Structures are given as C-alpha cells and as structure tokens.
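From first to last, the protein sequence lines are chains A and B.
For reference, each letter of the first sequence is one residue, going 10 to 350 in my numbering.
For reference, each letter of the second sequence is one residue, going 10 to 350 in my numbering.
Worksheet: the structure to be examined is printed underneath.
Protein chains: 2
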Amino acid sequence: MASQQDVAKRARVSFMTVSRVVNNHPGVKSETRERVLSAIRELAYYPNAAARTLNGRGTRNIGMIFPHKEFVLSRPFFIELCVELESHLSDTGYHLFLGSVRKETGSLDLTVLFKERKVDGLVIFAPERDDESVKRLAAEGLPFIVVHGRSDAVEYSYVDIDNERGVSRIMRYLFDLGHRRIGFVSGNMEEVNAQDRSACYRRELEAVGVGFDERIVHTGDWSLESGYEGFRALVGRAPAPSAIVFSNDQMALGAIKAAHDLGVSIPGDVSITGYDDIKYASFVVPALTTMRQPLDRVGEAVATLILERLDGRSECRRVILEPEFKIRDSCGPARAGGSPP
Amino acid sequence: MASQQDVAKRARVSFMTVSRVVNNHPGVKSETRERVLSAIRELAYYPNAAARTLNGRGTRNIGMIFPHKEFVLSRPFFIELCVELESHLSDTGYHLFLGSVRKETGSLDLTVLFKERKVDGLVIFAPERDDESVKRLAAEGLPFIVVHGRSDAVEYSYVDIDNERGVSRIMRYLFDLGHRRIGFVSGNMEEVNAQDRSACYRRELEAVGVGFDERIVHTGDWSLESGYEGFRALVGRAPAPSAIVFSNDQMALGAIKAAHDLGVSIPGDVSITGYDDIKYASFVVPALTTMRQPLDRVGEAVATLILERLDGRSECRRVILEPEFKIRDSCGPARAGGSPP
DNA sequence: TACGTTGATGTTTGCGCAAACATTCAACGT
DNA sequence: ACGTTGAATGTTTGCGCAAACATCAACGTA
Numbered sequence: 010m011a012s013q014q015d016v017a018k019r020a021r022v023s024f025m026t027v028s029r030v031v032n033n034h035p036g037v038k039s040e041t042r043e044r045v046l047s048a049i050r051e052l053a054y055y056p057n058a059a060a061r062t063l064n065g066r067g068t069r070n071i072g073m074i075f076p077h078k079e080f081v082l083s084r085p086f087f088i089e090l091c092v093e094l095e096s097h098l099s100d101t102g103y104h105l106f107l108g109s110v111r112k113e114t115g116s117l118d119l120t121v122l123f124k125e126r127k128v129d130g131l132v133i134f135a136p137e138r139d140d141e142s143v144k145r146l147a148a149e150g151l152p153f154i155v156v157h158g159r160s161d162a163v164e165y166s167y168v169d170i171d172n173e174r175g176v177s178r179i180m181r182y183l184f185d186l187g188h189r190r191i192g193f194v195s196g197n198m199e200e201v202n203a204q205d206r207s208a209c210y211r212r213e214l215e216a217v218g219v220g221f222d223e224r225i226v227h228t229g230d231w232s233l234e235s236g237y238e239g240f241r242a243l244v245g246r247a248p249a250p251s252a253i254v255f256s257n258d259q260m261a262l263g264a265i266k267a268a269h270d271l272g273v274s275i276p277g278d279v280s281i282t283g284y285d286d287i288k289y290a291s292f293v294v295p296a297l298t299t300m301r302q303p304l305d306r307v308g309e310a311v312a313t314l315i316l317e318r319l320d321g322r323s324e325c326r327r328v329i330l331e332p333e334f335k336i337r338d339s340c341g342p343a344r345a346g347g348s349p350p
Numbered sequence: 010m011a012s013q014q015d016v017a018k019r020a021r022v023s024f025m026t027v028s029r030v031v032n033n034h035p036g037v038k039s040e041t042r043e044r045v046l047s048a049i050r051e052l053a054y055y056p057n058a059a060a061r062t063l064n065g066r067g068t069r070n071i072g073m074i075f076p077h078k079e080f081v082l083s084r085p086f087f088i089e090l091c092v093e094l095e096s097h098l099s100d101t102g103y104h105l106f107l108g109s110v111r112k113e114t115g116s117l118d119l120t121v122l123f124k125e126r127k128v129d130g131l132v133i134f135a136p137e138r139d140d141e142s143v144k145r146l147a148a149e150g151l152p153f154i155v156v157h158g159r160s161d162a163v164e165y166s167y168v169d170i171d172n173e174r175g176v177s178r179i180m181r182y183l184f185d186l187g188h189r190r191i192g193f194v195s196g197n198m199e200e201v202n203a204q205d206r207s208a209c210y211r212r213e214l215e216a217v218g219v220g221f222d223e224r225i226v227h228t229g230d231w232s233l234e235s236g237y238e239g240f241r242a243l244v245g246r247a248p249a250p251s252a253i254v255f256s257n258d259q260m261a262l263g264a265i266k267a268a269h270d271l272g273v274s275i276p277g278d279v280s281i282t283g284y285d286d287i288k289y290a291s292f293v294v295p296a297l298t299t300m301r302q303p304l305d306r307v308g309e310a311v312a313t314l315i316l317e318r319l320d321g322r323s324e325c326r327r328v329i330l331e332p333e334f335k336i337r338d339s340c341g342p343a344r345a346g347g348s349p350p
C-alpha cells in the first residue's frame, strides 16, 4: 500500500507537505497542492489509520456495547439505534464498533477497549442500575454515554425518553376509556427504564385513587415469551384486569398471541398497550396502541453527545426526548359494569 | 496509559521480554515471566492495538457492510447475523466493525477500509448480482466473504442456504395440500437470493405441469409494506391464487395484515408461506409456516470462512446450509373444486 | 583449558504519521 | 546593497510494538 513517502516521491516534495495537504493545513502553494493531490489519486493513497492512532489522534471508532446475544435479539430497538447511529457517525468520519461484553468472563471491563486503543468512545445501552462497568468508566474519566439509563451514583451524559410522560399518557388514556382495573407487565427490572415505567404505572394508579394490586403485575424481560406468559397469568387472575399495559411492543405482541390461544378478544375483552412503536406494531392484528420512541432523534442525540464527550470541551449533558402516543386498535372502552375499585 | 516500556521498567527487564511474555513466546524463564505478569497486572497494561497494526499484525477487526439504513431495517436476518457473528469472532480475539457504504457517495469503494487499515476482512451481505464493489475486492485479492450471494463472474467464498431445496420443499407441500394456483411474492430482484427463489418457484410449477402465470407474481422488496401490497394485488386477480409463497417472513407478515383488512381468511381462503423463520413468525396469528434458516450455523460458517481467508492458507470455499421446514398454521388444503389448471 | 552450544535476555530498527523545529528563498523597505 | 520578514517547504523525533539480530552466562566436551 502506498504511504505518504511514496506520494511525496511522486509529487517531488517531502512527505510533510503531503501530510499538510491530506490534513488541509494552510501554507501549501496551490500549485504544489495540486501536484500532491494528483499523486494521491494516482497511487490510490489512503492515510493509515493505525499510524494516526499511534500518533495520538484517536481511532475514530465508537463502540456500541451489549451484554450478550439474547439481549440484542430481544430488543429490536437496539439494532435500529445502531444503524441510526452509524449513519450519523459516518458523516463525521467515525465508524461503529460492535462489541459484546460477556458476564461469563466476569471481568466486564470496558476500559480495556480504550486501553487497547480500539475505540475513542463508548455507547452503553440500557445498563443495569449501578452497573459496575459503567461506574469504572466514569471513575477513569473515559468518554462514554448511556442510552436508556440514568444514575444517581455516577455522573454521565445520557439520552432517554420521557418515561414519566409516556406512561402517564397511556394511563390517562385507559382511564378515559373507563378502565380502572389495569394490569402491568414490566421489562427486565434490573434496568432503570423498566423500573421507571413500573414506578410511573403505580403512581398514576394511586393518583386516581385506584390501589396498586400486585396480583395483576407481572415481571417480564422484554421478550415475546414473557409477554405471552404475562398475559396468560394476568387474565387468569380474579378479578381479571380489563386492560394491561406492556412495557414494550414485543411483549404486547406476545400477548396478542396468548389472547388468541386463550380465546380472549383484544380489545373486546381486554385492552392492551405497547411501548416503542416498532415496525410490526402497526402490522399486527389488532394494530397496537403504543408509545412511539423517536428513534431517529435518539440516534442523532447519541451521536451528538458522544462526539461532545470526545473533544471534552463540555459538561455532562442529558437529553430527554418526548415520546409520541400512537392510538391504534388494541384498546376499547371498559365493559359497562367493569370491576369495582 | 502504561506501555511495554513501563512494564519493563517495573519488572526490571527489557521491553522485549515483556513482548515475549505478552505474546506467549517460549524462552522466558518462568521466574521472569511471573515478574512480568505481575507488573502487567499492577500497571493494568494492555497492548496497544494501533501499534500492533502498524507493525504489520493486522487490525483484528472484521467489517460487516451494508448499503444503507433501510436495508438493515427491513432485514431482521442481517442483525441477528451480526450478533451471531460477533459472538463467534470475539472468541478468537476479533471485533466486529459495522459500516455502511452509501450509494449516494457514488464511490462504493470498500477497498478503502482495507487501505485505511480499519479492517482485516469484510463480510458482504446480500450484494446485488455483479456488484461493482465486490468485483473490485476480488480483483485486489482482499479477504472477504459473501453471505446470501453467489457469482459466476467472480470467485469468492460464500455462505448460503439451499434455496433450491427450500423453495421446492414449500412447493411440494402446497401441491400435496391440493394447491395448483400458487402465487409468488419475491424479494428485491437485484439480489441473487431473490432471483434464485423466484426461479425455483417457476421451475417447480412447471415440473408438475402447472404453467407459470405472471399475473400472480408480485415483485416485492422484502418489506412488510411490499408483502401487504403483494397480497392485495394477487388476491385481486381473477382467478385468485389459493396459495401464495412469500420470499421472506416479513412480507408474509404484511400479508396477514392485508388479509385481515380485506376480510380474507388465512388459511381458510388463501394459504401463505414465509421464509426465514424470524422470531415473530411463530407468534403471529396464524403462526407462519416457513422455512427456517439456521442462523446460528450461518454465523459460525461466516466466522470460519472469513478467518480462513485471513490467513490465506485455503482456497475459496462455499458452504451451503440446509433450511428446515416449519409447518405451522398458515396453510390449509385447497378448496374442493379449486381453480382449474 | 579452550571452545562450541544452548537458553535467556538485550539492542537496533522500522512500520506511517504529524508536531515541533529548522531551513530556504523571494519580496520588501531603507 | 543588505538585512528583515514571512511564506513555503524540509528534517528530526517519537508514538508502541516485535522481527531480526546481538550479547552473555552457564555448561559440557575434547
């Protein structure tokens, strides 16, 4: 592969002049610049990223971290974010690095990726509350940001969607339809996001004077299967809920399957809501009433924040985006004479 | 960050001894080795990947390339493959690099990633037939492999699923159920995979003496929307097909929605089949009869093949995996007195 | 005793790039 | 005519690592 030296020779200049041209430094006569540029073209020269990195210029790689395969497969949102992020990053010459950090190894040491000079920055998706590796990153002052997370113990930049607003909007909608006995299926309760949505569900319930009843709350893990199970479990309770709030679409999709298997009608017998507005949400029957997470804006915000962290000039920031309520066909009015408070 | 030098100083040896320990070279007294190892631990030393790369040792990065955002979002299979691949690669110390190459830029020059020393090898997913960038990679002798692709013009290693077997199995199943008028909705016909499935559909039809009728063939693009449209279009034809073969699950899912909107029963009025067996296939109602692509084995094969290409010791290979037919609820017997041949 | 042999360790060198510093040369003012 | 200035370009150096080569002590053997 051609190096700066080769280009320099061909253009009859020193390689330093080549370097200046490549990096758009001023102080090169335009005639010389032209000569260098044609040499570059003729030799198909591309600067060697490894040498640049070694020279202290960073890797121009941003790592996106996930804990294990299953995590990704059960979170369509994650992938879409990767792609969205990649598209924003590549505009600024960055590349996306995908890395899993397995719990099995025990280490979970994300700082390694920095020390090995594999990435300049990291994006951590939905870490568990008080995650150790996140703490360590913060302690070492490494540039990273968190999506779908939040911490009281550590300071970092993060992007999230307003769960408060999202869940309360859903609850008010169901209240307006006359529902009072409303069940809830949570995501993986190790994650802040799941905790927040769950807490908000409970708060809204109490705000209208309906007591929280743990018999119609099911702890899921975001998966289709857990949605299926959750629906089965809650509908089996007596008195059964007339509506169930699911913490993501995927679980709500599982619920639709369960309803079919059980011969329960949605929304005739039970209303359900999802969260995320994934692609399938509007293609399933009945189309899912759900809370849209503005994925494109999340991707944009993530790119902006991580780039900000990189040049270190700014403080930690948080960006809270607003979800958008999508009313479709999975909710109906509560049956007259619904269950008493 | 600690360098080999720092470790060497602390262990009171030359940095070359450190290098030997780090790379597990023989010829270091075990006593010295121990001393070096503790110094490494104490200083939290990690070898600098950039320096190694500069030194001619490669990047240990494998790039996964996609053309644009929409491509990924409409191919759940792609993502799952990324994750699956990452898990196999990381066992051997490799990392996954995600890169889009946009058509807009016009360049489409994947060799850049090599020249810039960003990756050691590339995985190309479902390129269009005779894709220019693939040709260039091959011409330059760069290590890459293709998934869901195949070329007569260029030689390269690739992994694919036996479309021949898959489609013919589906067709025979439908024939056995008494279907004779069978429609087809293709994927993006620029891709080899879509072409193959389509060709096989036609061949099977003719093999049993049923003529190919282009009025019940719809050209889709793998997306939910195109499946929806395809179903609408085909069911509207007279005489309507009693079964429709979709080239992937996603489009079949779109069809289920369309059937509902049209008041057509699946499988009562029309039988449908998918392809891929994505997660949702078994959770939709009716559960989709489909052809499972053994994703885990694809991931494994991709990892193996690309690693083989890297050390250059082997010839180009191709791995054709067998799909597995999953019979579920989306097909039924053809109505008695079905449409004449 | 002198000398090769072997195992353990150290030194030199260069991978490609760019900051920091050095040099050259033409244009200008006095 | 001559020093001064500044724009344009060149040279040195080091980033961290490891191959290739060099050294050196300890040992066995003739």
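Note that the Cβ used here is the ideal one computed from N, Cα and C, for glycine as well.
Please read these numbers as outputs of a predicted model, since none were measured by experiment.
Whole-Å CB distance - residue i paired with residue j, under 8 Å assumed
i, j, result
"residue 271(B)", "residue 241(B)", "7 Å"
"residue 121(B)", "residue 73(B)", "Contact flag wrong, Cβ pair sits at about 16 Å."
"residue 257(A)", "residue 230(A)", "Rounded, the Cβ-Cβ distance is 10 Å, inconsistent with contact."
"residue 88(B)", "residue 287(A)", "Not quite, the Cβ-Cβ distance comes to about 13 Å (not below 8 Å), so this is no contact."
Classification of residue i by the beta-carbon crowding that lies within 10 angstroms, buried from 16 upward
i, result
"residue 342(A)", "exposed"
"residue 100(B)", "exposed"
"residue 302(A)", "buried"
"residue 35(B)", "exposed"
"residue 33(B)", "exposed"
"residue 349(A)", "At residue 349(A) the pLDDT is 39, less than 50, meaning the model places this residue with poor confidence and gives no usable figure here."
"residue 153(B)", "buried"
"residue 194(B)", "buried"
"residue 283(A)", "buried"
"residue 300(B)", "buried"
"residue 202(B)", "buried"
"residue 259(A)", "buried"
CB contact below 8 Å: residue i versus chain A
i, result
"residue 27(B)", "no"
"residue 82(B)", "yes"
"residue 303(B)", "no"
"residue 57(B)", "yes"
"residue 299(B)", "no"
"residue 147(B)", "no"
Cutoff 8 Å: residue i Cβ touching any chain B Cβ
i, result
"residue 19(A)", "no"
"residue 263(A)", "yes"
"residue 321(A)", "no"
"residue 121(A)", "yes"
"residue 157(A)", "no"
"residue 144(A)", "no"
"residue 125(A)", "yes"
"residue 63(A)", "yes"
"residue 10(A)", "yes"
Contacts that residue i makes with chain B (C-beta to C-beta distance below 9 Å)
i, result
"residue 356(A)", "Past the boundaries of the shown model lies residue 356(A); chain A is included only from 10 to 350, so the question cannot be answered."
Partner residues on chain A for residue i, Cβ-Cβ distance less than 8 Å
i, result
"residue 93(B)", "78"
"residue 289(B)", "233, 262, 289"
"residue 108(B)", "95, 99, 104, 105"
Chain A contact residues for residue i, given Cβ-Cβ distances below 7 Å
i, result
"residue 351(B)", "There is no way to answer for residue 351(B), as the model of chain B reaches only from 10 to 350."
"residue 89(B)", "82"
Three-way DSSP call (helix, strand, coil) for residue i in this model
i, result
"residue 200(B)", "strand"
"residue 222(A)", "coil"
"residue 270(B)", "helix"
"residue 68(B)", "coil"
"residue 166(B)", "strand"
"residue 180(A)", "helix"
"residue 342(B)", "coil"
"residue 139(A)", "coil"
"residue 110(B)", "coil"
"residue 125(B)", "coil"
"residue 252(A)", "strand"
Per-residue contacts from residue i into chain B (C-beta, under 7 Å)
i, result
"residue 60(A)", "63"
"residue 269(A)", "294"
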